[in-house]
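With the UniProt record's numbering applied, the sequence shown covers 1 to 522. Note that CB positions come from ideal geometry on N, CA and C, so glycine has one too. Below: one structure, written as structure tokens.
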Amino acid sequence: MTVSYTAEVAQCRGFGCFPKLLLRWRASIYKLIWLDLLIYLTFYYALSLTYRFYLNESQKEFFEMLVKYCNSSTSLIPLMFLLGFYVSVVVKRWWEQYLTLPWPDSTAVYVSSLIKGQDENGRKMRRTIMRYVCLSLAMVFTRISPRVKKRFPTYDQMVEVGLLMENEKDILKAMNEKFAKHAKHWMPIVWAAAIVTRARKEGRIRDDSSLKTLIDSLNSFRGKCMVLTFYDSISIPLVYTQLITIAVYTFFLASVFGRQWTGFTDPDAITNIVDFFPIFTLLEFMFFMGWVKVAESLICPFGEDDDDFELNWLIDRSIQVSYLIVDEMHNEHPELLKDHFWKGLHPTQASNIFQFPSYDPPPHSTAQMEVRVPENERSFFKIPLVESFSHLFCKRGSQPEMPVANLMDNHEEVSASMLVIFEPDKQSSTAIPSNSVESKEMLKTTKIDQIAPSLSADQNVFEQLRAQRTHERLQRQNYLIAMSTTTEELAAENNSQISVSEETSESSQEFKTPQEDSKKNV
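So, in structure tokens, the structure goes:
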């Protein structure tokens, strides 16, 4: 089962909480690499003793050349890049496999809530459905986990623990004889779905929506079981695993020669100061070889390593919790009582005793930031109104009657006012009659800037904006009035044309030739 050390690292004090984990042996790095490290040191000291005591001068020179060559060639292997990418893929795959593990709790809650009945048949239906769900889980685990396979090598062991009945075992064996190539872990889910359908026909399930919810839950459970079989049959590409293995072991084979001490004939060999124990060489071996062992341990989390998932515990837990939910706790809940905070929110007695400080919500990053903008830069934070919306209310193909000041041509004017000032043109009388009440009001509002020149700059801007808004509103009103008038005139013309056409048709029907009268008489 996965080794957990969360309680030991809950608080970080003093020198930290990680150093005390270095003394653990189970699932540790020492347990994984001690044999490889022993073999590496054996080869290292064998070559070192041979160089020191069994080689002559010419052989030592050749050995030193070999050491230099191997030491310089190890840097050509991109070991860190290969291991980093490979281990990241393995760890991601490992965690995704854990998230894919099917848990029957949600299905049990649905079964207990939606399948009614306190009689024997109701209990039998609910318990049988969840037994089939757990049976499907156990059948999948026997195909992907050596531990579970050792526990349930055949169907007989499943019958002994109560997951399978004798008649169900006979059906599974018969299906295996007919279709031996395919797995049969989906058959219990099919049986469970048939029981759910029968419960709906008997009225134990209220409506079709509840039936669909149960079927969807069973299908979701079956889908996760199928994904687990996919992870077992579809591995990380073999070529990548072979590449990592060749790269790591080639690197350390070269380092056995390249990290040898040659200080007797090469006094300038700074990297070989310590001649009796390769300290940093061993650290390098532990890091890289430990990296490989991490990938080897996590690539198949359903095995028998210390950090693999405990699937036997999951089977036992699933069957116990499922029966507890659908049978013992079916339609059961504690008595409904008023809670302690029925009349208001008050601190609990525990909080008063320990006097925990009240925690505020976490502040946002720029909530308390003070923004100070210099006076000469404030104009750049204002949004200029470059053009009005008056052209939207003009006739198609025509230009707006009110010219717009091009403020972008002169930056100083933009920073001073930052607003568009509309001045009426002499030709605007063609669009808005001068004798209308709206035009008089518009002229009054547009002359505010001339009437009150002593207003402050902000007040001028406000008045100019109000004049502009009033002008646009009047333009829209006049445009709508003109459109409504035009519509009424067109409707009147259409009505007159329709009446004329009707009179013409009536007169044509009344006027008939003698030949038409004779034909009618015949």
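Taking all protein chains in view, the Cβ of Trp-261 is crowded by 16 or more other Cβ atoms within 10 Å, so the residue is classified as buried.
A direct Cα-Cα distance of roughly 37 Å separates Gln-59 from Leu-32. In this structure, Ile-319 and Cys-70 do not form a Cβ contact; the two beta carbons are roughly 58 Å apart against a cut-off of 8 Å.
If you keep only unbroken alpha helix (DSSP H) runs of at least 4 residues inside the segment 157 to 237, you get 166 to 178, 187 to 201, 208 to 233.
CA-CA distance, Val-248 to Glu-296, rounds to 13 Å. For Tyr-132, the three-state secondary structure derived from DSSP is helix. Taking 8 Å as the cut-off, the Cβ atoms of Ile-115 and Ala-199 count as close. Within the same chain, Cβ atoms closer than 7 Å to the Cβ of Glu-166 are found at Val-159, the five residues on either side in sequence being excluded.
Excluding the 5 residues flanking it on each side, Asn-312 has same chain C-beta neighbours closer than 7 Å at Arg-147, Val-148, Arg-151, in chain order.
Boundaries of the alpha helix (DSSP H) harbouring Glu-96: 79 to 100, taken from the DSSP string. With fewer than 16 other Cβ atoms from the protein chains shown falling within 10 Å of its own Cβ, Pro-362 counts as exposed. Rounded to the nearest angstrom, the gap between the Cα atoms of Phe-251 and Lys-92 is 26 Å. Rounded to the nearest whole angstrom, the CA to CA distance from Thr-142 to Met-369 is 60 Å.
With fewer than 16 other CB atoms across the displayed protein chains lying within 10 angstroms of its CB, Pro-19 is exposed. Spanning the alpha carbons of Tyr-40 and Phe-288 requires a straight line of approximately 13 Å. In this structure, DSSP gives Val-321 a helical state, which the three-state scheme calls helix.
Taking Ile-205 as the centre and dropping the five residues before and after it, the same chain places the C-beta of Leu-114, Ile-115, Lys-116, Val-196, Ala-199, Leu-211, Leu-214 closer than 8 Å to its C-beta, in chain order. Between the C-alpha atoms of Ala-138 and Glu-8 there is a straight-line separation of about 33 Å.
Between the segment 84 to 104 and the segment 236 to 245, the count of C-beta pairs closer than 8 Å reaches three or more; the two stretches touch. Residue burial annotation: Glu-168 is buried, with at least 16 other C-beta atoms found within 10 angstroms of its C-beta. Taking a cut-off of 8 Å for Cβ pairs, the segment 219 to 230 and the segment 102 to 114 touch, as three or more such pairs fall below it. When secondary structure is reduced to three states using DSSP, Thr-107 falls in the helix class.
Of all alpha-carbon atoms in Gly-16, Arg-131, Tyr-231, His-182, the one lying nearest the alpha-carbon of Ala-193 is that of Arg-131. Here Trp-342 carries a coil assignment [DSSP, helix/strand/coil]. For Gln-11, no alpha helix (DSSP H) encloses it, and the DSSP letter there is neither H nor E.
Judged by their CB atoms, Ser-217 and Tyr-110 are nearer to each other than the 8 Å cut-off.
Membership of Gly-290 in the alpha helix (DSSP H) is indicated by the continuous run 279 to 298. In its chain, beyond the 5 residues on either side, Val-3, Asp-306, Asp-307 have a beta carbon closer than 7 Å to the beta carbon of Ala-27. For Met-65, the enclosing alpha helix (DSSP H) starts and ends at 57 to 73.
Buried is the label assigned to Ser-136, since at least 16 other Cβ atoms lie within 10 Å of its Cβ. Between the alpha carbons of Leu-282 and Ile-234 lies a distance of about 36 Å. Boundaries for Phe-15: no alpha helix (DSSP H) harbours it, and the DSSP string shows neither H nor E there. Lys-20 carries a helical assignment under DSSP once its states are collapsed to helix, strand and coil.
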